[in-house]
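Protein chains in written order, with the working numbering: chain B, 112 to 365; chain U, 112 to 365. Beta carbons are placed, not taken as given, at the ideal position from N, Cα and C, and that holds for glycine. Notes for the one structure printed next.
Protein chains: 2
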Amino acid sequence: MPGPIQSLSRAAAILRLLAGGERRLGLSEVATSLDLAKGTAHGILRTLQQEGFVEQDPETGKYQLGAELLRLGQSYLDVHELRARALVWADDLARASGETVYLGVLHQRGVLIVHHVFRPDDTRQVLEVGSMHPLHSTALGKVLLAYDPVARGELGEGPLEAHTPRTLTDLGDIDAECALIRERGWADAIEETWEGVASIGALIQDRRRNPVGAVCISGAVERVCEDGFVRPQLVASVRSAARAISRDLGAGRF
Amino acid sequence: MPGPIQSLSRAAAILRLLAGGERRLGLSEVATSLDLAKGTAHGILRTLQQEGFVEQDPETGKYQLGAELLRLGQSYLDVHELRARALVWADDLARASGETVYLGVLHQRGVLIVHHVFRPDDTRQVLEVGSMHPLHSTALGKVLLAYDPVARGELGEGPLEAHTPRTLTDLGDIDAECALIRERGWADAIEETWEGVASIGALIQDRRRNPVGAVCISGAVERVCEDGFVRPQLVASVRSAARAISRDLGAGRF
DNA sequence: CTACCCGTGCGACATTGTCGACCGCCCTTC
DNA sequence: GAAGGGCGGTCGACAATGTCGCACGGGTAG
């Protein structure tokens, strides 16, 4: 594989840097953070700015992400085949289970939420489309981990954060859990990321049986669980939805 | 202004091209569309791919936008100051008016929706955050047009599309409408973009009185209007929300 | 079976991005 | 009020870098 284009990689690094820091960053901060000459960083930022990927506060001169990214992110969703086919099934699943439904795909070292159906007749919720969830402590993540060797491999590269006392942080435990998930065909995560929240997830695969994403329901542990285990009826609903989406992906195509 | 970075501009053009076409595009299509050598386009696409901005269908080899764009777009929303401060006011406005609320900012030659509150107790709706609305035929757009000379200037560069019979397509008419909007402090658009839909919008400005965005309500013309005019009480609600957000922007700061 | 088209790798060339020093500004500090 | 430091922005020389055209291999369609 021939070398990547230097200026592009650097521009991507700048965008990620701006996305990471909560506040706006100045030119010098960007340059020193990435070990770039100020002039170089400025050239890249100027180009990113006039393309709309970056905006500059006219008063302070500091930089932040630009609106074009939002527009392109929306376009990504528009052409996302998995998401398009899953929309109706996700709605059905939310209605049948009475819980929040997430649809996620593997991205970098986490799960990127590409669709989110609010829990029916619930209080106000924030849309989480576009945000990342951890791999090792959510039902979505563990499903993908169990079926995607690449994701499992990359998991060993960094330490695992313990979000709650129930989070699995030992790689051996996770491998055992993944084996169980593959055996029974679904994953759960009970208070492993957020206290009081349990989720049930199942795999979505394309017509070649490749894992392409996962669907889950997530809700208060009192509703989702019973005697310490997730309710079988909810598991059946999630698996049925995952199968339906997989079938849908396999069938139609232009 | 020294020249922009060529490879970056080309990469941005490729991303926009991929965002525009509904379907996935092949390497050759990209190269010919942008008058690039195949090798050049391939190098850029390969870099964009390993940065996550572009994904490649492993079967057909065709390219589409990547998940990283969705993540960065979400990050854009997270740091968006106007949006953050407007969230609660938008909720209030939706509750008070009973209609859908949009929050938009100027972007390129349209209005980019950065926040969207569903109409209370309504049927299923699709979230429009990240999508673009026209400048000359929506309340949001006309407000921004009336107060932003740059936007007005760029409007004259291209033809104006008539979405309905009521769309204003003559620049003179639009200037007159803008003068009226400035005079009374709010804008409306009654079936100018979609049949049966009317909207009322007002300007949001920062502490320097610069226009930074607009807020509007949008709903069925039968509810929003009365005897062919928008209902004064709704106008008052929208203007009040816009003032509140503007005040909020002017006051606090980190 | 052949002919075409596509995505991909390679290497020479010179265009292009990079680097470091310099400028002017604003805010702080003495 | 003057001096200092930090900021964003600019400029020009150098060579590293991206670009280009071509050739390869696999897939598909006719």
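Cβ distance (whole Å) where residue i is taken to contact residue j below 8 Å
i: residue 422 of chain U; j: residue 180 of chain B; result: Nothing can be reported for residue 422 of chain U: it is not among the residues displayed for chain U, which extend from 112 to 365.
i: residue 309 of chain U; j: residue 341 of chain U; result: 6 Å
i: residue 349 of chain U; j: residue 204 of chain U; result: 7 Å
i: residue 221 of chain B; j: residue 245 of chain B; result: 6 Å
i: residue 124 of chain U; j: residue 215 of chain U; result: Between residue 215 of chain U and residue 124 of chain U the Cβ distance is about 25 Å, and since that is not below 8 Å, they are no contact.
i: residue 227 of chain B; j: residue 279 of chain B; result: Incorrect: roughly 25 Å between the Cβ atoms, too far for contact.
i: residue 118 of chain U; j: residue 118 of chain B; result: 5 Å
i: residue 323 of chain U; j: residue 315 of chain U; result: 6 Å
i: residue 301 of chain U; j: residue 254 of chain U; result: Wrong, their Cβ atoms sit about 15 Å apart, outside the cutoff.
i: residue 174 of chain B; j: residue 129 of chain B; result: 6 Å
Environment of residue i [buried if 16+ CB atoms lie within 10 Å]
i: residue 365 of chain U; result: Reliability of the predicted coordinates at residue 365 of chain U is poor, the pLDDT of 34 falling under 50, and the value obtained from them is presented with this limitation in mind. By the 10 Å Cβ count, residue 365 of chain U comes out exposed.
i: residue 178 of chain U; result: buried
i: residue 374 of chain B; result: This structure does not reach residue 374 of chain B, given that chain B is present from 112 up to 365, and the question cannot be answered.
i: residue 211 of chain B; result: buried
i: residue 281 of chain B; result: exposed
i: residue 259 of chain B; result: buried
i: residue 168 of chain B; result: exposed
i: residue 135 of chain B; result: buried
i: residue 206 of chain U; result: exposed
i: residue 241 of chain U; result: buried
i: residue 261 of chain U; result: exposed
i: residue 142 of chain U; result: buried
i: residue 283 of chain U; result: exposed
i: residue 172 of chain B; result: exposed
i: residue 333 of chain B; result: exposed
i: residue 307 of chain B; result: exposed
i: residue 299 of chain U; result: buried
i: residue 237 of chain U; result: exposed
i: residue 273 of chain U; result: exposed
i: residue 287 of chain B; result: exposed
i: residue 225 of chain B; result: buried
i: residue 339 of chain B; result: exposed
i: residue 131 of chain U; result: exposed
i: residue 199 of chain B; result: exposed
i: residue 162 of chain B; result: buried
i: residue 330 of chain U; result: buried
Within chain U, the residues that residue i reaches when beta carbons sit closer than 8 Å
i: residue 276 of chain B; result: Correct list: empty, because the minimum Cβ distance to chain U is about 29 Å.
Neighbouring residues, chain U, relative to residue i (Cβ below 7 Å)
i: residue 241 of chain B; result: 181, 182, 184, 185
i: residue 188 of chain B; result: 181
Interface partners of residue i on chain B, CB under 9 Å
i: residue 208 of chain U; result: Neighbours of residue 208 of chain U on chain B: none; closest Cβ ~17 Å, over 9 Å.
Partner residues on chain B for residue i, Cβ-Cβ distance less than 7 Å
i: residue 154 of chain U; result: 116
i: residue 122 of chain U; result: 119
i: residue 261 of chain U; result: Those do not exist, as residue 261 of chain U stays about 13 Å from chain B at its closest Cβ, beyond 7 Å.
Contacts of residue i in chain B (Cβ-Cβ under 8 Å)
i: residue 126 of chain U; result: 183
Three or more C-beta pairs under 8 Å: does that hold for the stretch 348-357 of chain B against the stretch 134-151 of chain U? Segments in contact, no.
Anything in the stretch 217-238 of chain B with a Cβ closer than 8 Å to a Cβ of chain U? List those residues in chain order, please. Correct list: 218, 219, 223, 225, 235, 238.
For the pair the stretch 154-162 of chain U and the stretch 193-211 of chain B, tell me if three or more CB-CB distances fall below 8 Å. no
Of the residues that make up the stretch 128-140 of chain U, which ones have a beta carbon closer than 9 Å to any beta carbon in chain B? Taking 9 Å as the Cβ-Cβ cut-off against chain B, the residues of the stretch 128-140 of chain U that qualify are 129, 130, 131, 132, 133, 134, 135.
What are the residues in the stretch 161-182 of chain B lying within 8 Å of chain U by C-beta distance? 161, 162, 163, 164, 175, 176, 177, 178, 179, 180, 181, 182
What residues from the stretch 306-332 of chain U come within 8 Å of chain B, judged by C-beta to C-beta, listed N to C? none
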